[in-house]
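Taken in order, the sequence shown gives residues 3 to 480; the numbers are from this note's numbering.
For reference, the structure is listed below as C-alpha cells.
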Amino acid sequence: MRSEPAAPLRLIIVPETPNLSTHNCSLFTIHCSLFTAMKDFAPAWVKDSIFYQIFPDRFCRSERYKAAGKFVDWNARPTRENMFGGNLAGIEDRLKYIADMGFNAIYLCPIFKSNSNHRYHTVDYFEIDPVLGTLKDFDRLVAKAHKLGLRVILDGVFNHCSRGFFQFNSLLELGRNSPYVDWFHIKKWPLKAYSKKANYECWWNFPALPKFNTDNPEVREYLMSVGEFWMKRGIDGWRLDVPNEINDDSFWQEFRRRIKAINPEAYIVGEIWDEPSRWLMGDQFDGVMNYMFRKAVLAYLFDENPISTEEFCRRLEEAFPKTRWYGSDEGETPAGDIPMNLLGSHDTIRLQSLPCSDGARVRLALTLLFFMPGAPCIYYGEELGLKGGKDPDNRRTIPWDSLESLRKHPAYPYIKELIELRKSNVALRKGDFSIKIGENAFEIRRFYEENGKKNVLELKVYGAQDGSSPSFAIFAPN
Numbered sequence: 003m004r005s006e007p008a009a010p011l012r013l014i015i016v017p018e019t020p021n022l023s024t025h026n027c028s029l030f031t032i033h034c035s036l037f038t039a040m041k042d043f044a045p046a047w048v049k050d051s052i053f054y055q056i057f058p059d060r061f062c063r064s065e066r067y068k069a070a071g072k073f074v075d076w077n078a079r080p081t082r083e084n085m086f087g088g089n090l091a092g093i094e095d096r097l098k099y100i101a102d103m104g105f106n107a108i109y110l111c112p113i114f115k116s117n118s119n120h121r122y123h124t125v126d127y128f129e130i131d132p133v134l135g136t137l138k139d140f141d142r143l144v145a146k147a148h149k150l151g152l153r154v155i156l157d158g159v160f161n162h163c164s165r166g167f168f169q170f171n172s173l174l175e176l177g178r179n180s181p182y183v184d185w186f187h188i189k190k191w192p193l194k195a196y197s198k199k200a201n202y203e204c205w206w207n208f209p210a211l212p213k214f215n216t217d218n219p220e221v222r223e224y225l226m227s228v229g230e231f232w233m234k235r236g237i238d239g240w241r242l243d244v245p246n247e248i249n250d251d252s253f254w255q256e257f258r259r260r261i262k263a264i265n266p267e268a269y270i271v272g273e274i275w276d277e278p279s280r281w282l283m284g285d286q287f288d289g290v291m292n293y294m295f296r297k298a299v300l301a302y303l304f305d306e307n308p309i310s311t312e313e314f315c316r317r318l319e320e321a322f323p324k325t326r327w328y329g330s331d332e333g334e335t336p337a338g339d340i341p342m343n344l345l346g347s348h349d350t351i352r353l354q355s356l357p358c359s360d361g362a363r364v365r366l367a368l369t370l371l372f373f374m375p376g377a378p379c380i381y382y383g384e385e386l387g388l389k390g391g392k393d394p395d396n397r398r399t400i401p402w403d404s405l406e407s408l409r410k411h412p413a414y415p416y417i418k419e420l421i422e423l424r425k426s427n428v429a430l431r432k433g434d435f436s437i438k439i440g441e442n443a444f445e446i447r448r449f450y451e452e453n454g455k456k457n458v459l460e461l462k463v464y465g466a467q468d469g470s471s472p473s474f475a476i477f478a479p480n
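This is how it looks when you write it as C-alpha cells:
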C-alpha cells in the first residue's frame, strides 16, 4: 500500500487545452435531446445536489439525548453487534459542519425502531428508534437541515423486516391462526424463527429478516402508508434498500405515484448494484446508487491487476448509458436520469483502505466522482480520511474530539475544492458528457450552453495504469 503524501494536491484549472494524443483514439458523446418514451420527470434539485451519507449509530452521540442502556466506548472498534449510541441530536449538532463543507443533501441510513445497530431489521416503521431519539427530535433535525439548505432522504427497507416486527410476532404466537398469516411466505408449520434454517422466506436466508408478501394487498397498503407518513413529515425522498428483491414493477410504480402525489419534487433512488435499466424507464425510480461506476473506478485505479484504459472508458459508458441521458427542451430531466454516484458506502471497503490507495489515485477517484453526470455522494468520514475494511469495520465512529487534526488530512480540503468546483460550473451538474480515449490516457468533457453562454470543463488523465501514480488536470478551454 502506498503512503498518502503529506501535502494535498490542489485543483489546478488550466485555461487552454493541450491536444490529447490521437493514437488509437475513439470518441463517444452523450447529448441532451427529447426522449419521448420517458413517462415522468426527476426533481431538478438533485442535479445540483452533493449528498453526505450518515450511518446514525456511528456518526455523533450528543449528550443532549439520554437513551436507556449501555453503549461501548465511542472510540472502540465496531463489531456486528455492538452499539455506540449515535443519535439524532448528534446529527443535528453536526449539521453546520456538513453544510460548511458544502454538502446540500443528507442520506440517512435507517432510523426506525430496530434491535440492530444498522437498523435494517425494522421492528416498527412508524417509530424512531429510541436509541436515536424521538419523533420530536426527528422533526427538529429535518427543520434545521432545511434551514441550512440541506435536503434529507431516508432509507426505506420494504422487502423484509425484523423477527421483532409485530405481525411476524403474531405468527410466532398464534401460528396459522394469526390474522397476519398471509403477510409472509410460510413454507411449513410450526414456524422456526431461531433455527439455522428458517422455514419461511427471508432475505438471503437470514432468519432474522423475514420477507414480506408484497402480493398481499394489506402488506402493500401498509408499506405504501409508511412511505407516505414520512413524506408528510417533510423528508425530501427515499433511498430504497434492495428494491430488486421486490420483483414486481407495479409495486414500485404505485410507490412512485403515491410519493409524488405528496411531493412531486421527491427524489426516489434505488440500491441497484448491476445493470439498472428495468428500474429507470420513467415510472419507478429517479435514479439508482451507481455501483457500476464504483466498480469501474476500483478496477482501474485500485486493483493490483487493473483493467485497461479502453476497458475503463467502456465501463463508464455502461454506467452512464446514452439512452438514459436525455433532457427536454424545457430543461427538465426524465425520471431515471439522475444516479447517485458513489465510491463507498456502509456496504463497501472505505476508499482509504483499498489496495493501491495512494494519494494521487484517491484524488483522481474523487475528481471522477465529481466530474460525472448525476449527484455525487460521500460516505461519512471519507472527507477526514477515515479508514475501514469490510463490514463491520467500515462503520467506525468519527472521533470528533480529534476533528481539528483530522481536518489536516489531504482529503478534507480536496473534497471542499471539488464541491466548490461543481457548484460553480453548471457543465458539471447539467452538461453533456463525452469521453475521448488515447493510449493509456483519456479525456472527459462536460459541456453546457444556455442563452448563448457556454460552460466547458475537461478532465485529462495520463498514466493511471502503467504502475505509476496517475497524473491529471482540469482544463477550462476558451
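From the three backbone atoms N, C-alpha and C, an ideal C-beta is built for every residue, glycine too.
Keep in mind it's a predicted model, so treat the numbers as computed, not measured.
Helix, strand or coil at residue i according to DSSP, with G and I counted as helix
i	result
Ile52	coil
Asp468	coil
Ala478	coil
Cys315	helix
Ala70	coil
Phe105	coil
Pro80	coil
Phe231	helix
Thr124	strand
His25	Reliability of the predicted coordinates at His25 is poor, the pLDDT of 35 falling under 50, and the value obtained from them is presented with this limitation in mind. Coil at His25, not helix or strand.
Lys190	coil
Lys462	strand
Glu306	coil
Ser252	helix
Phe168	helix
Phe61	helix
Pro378	strand
His411	coil
Arg142	helix
Leu282	coil
Asp349	coil
Ser473	strand
Sub-8 angstroms separation of residue i and residue j beta-carbons
i	j	result
Ser355	Gly390	yes
Tyr109	Ile155	yes
Arg63	Phe43	no
Glu273	Leu242	yes
Pro132	Ala69	yes
Ile270	Trp240	yes
Phe304	Pro375	no
Ile437	Ile446	yes
Leu371	Leu345	yes
Val228	Phe128	yes
Leu488	Leu430	Only positions 3 to 480 of the chain appear in the structure, and residue 488 is not among them; the question remains open.
Phe61	Gly92	yes
Gly135	Asn89	yes
Pro45	Ala268	yes
Phe287	Ala298	no
Cys163	Thr124	yes
Leu143	Ala101	no
Ser51	Ala107	yes
Supposed contact pair residue j and residue i - C-beta distance, whole angstroms, cut 8 angstroms
i	j	result
Ile417	Leu368	6 angstroms
Asn249	Lys213	11 angstroms between Cβ atoms; not a contact.
Val74	Tyr122	Actually they do not touch by this definition, with Cβ atoms about 20 angstroms apart.
Glu385	Ala413	6 angstroms
Asn396	Ile351	6 angstroms
Arg280	Phe253	Not really, about 13 angstroms apart at Cβ, beyond 8 angstroms.
Asn457	Thr311	Wrong, their Cβ atoms sit about 27 angstroms apart, outside the cutoff.
Beta-bridge pairing of residue i - partner residues as DSSP gives them
i	result
Glu452	Lys455
Ala44	Thr335
Asn292	Asn343
Ser116	Thr124
Gly239	Tyr269
Glu445	Lys438, Lys462
Cys204	Pro212
Ile130	Phe114
Arg153	Ala107
Given residue i as reference, the closest of the options once Cα atoms are compared
i	options	result
Met342	Met291, Asp276, Ser407, Val144	Met291
Asn119	Leu152, Thr81, Asn265, Lys455	Thr81
Trp275	Ala263, Glu320, Val144	Glu320
Lys194	Phe186, His187, Pro209	Pro209
Gly166	Asn207, Phe114, Lys190	Phe114
Cys379	Phe105, Lys410, Asn246, Val144	Phe105
Arg66	Trp76, Ile52, Glu94, Trp47	Glu94
Leu225	Trp281, Ile237, Thr350, Trp185	Trp185
Ile237	Leu176, Leu211, Leu353, His148	His148
Lys189	Asn179, Ala200, Tyr196	Ala200
Phe373	Leu318, Arg448, Ser471	Arg448
Any C-beta of chain C under 8 angstroms from that of residue i
i	result
Ser404	Of the chains in the structure shown, none is chain C; there is only one protein chain.
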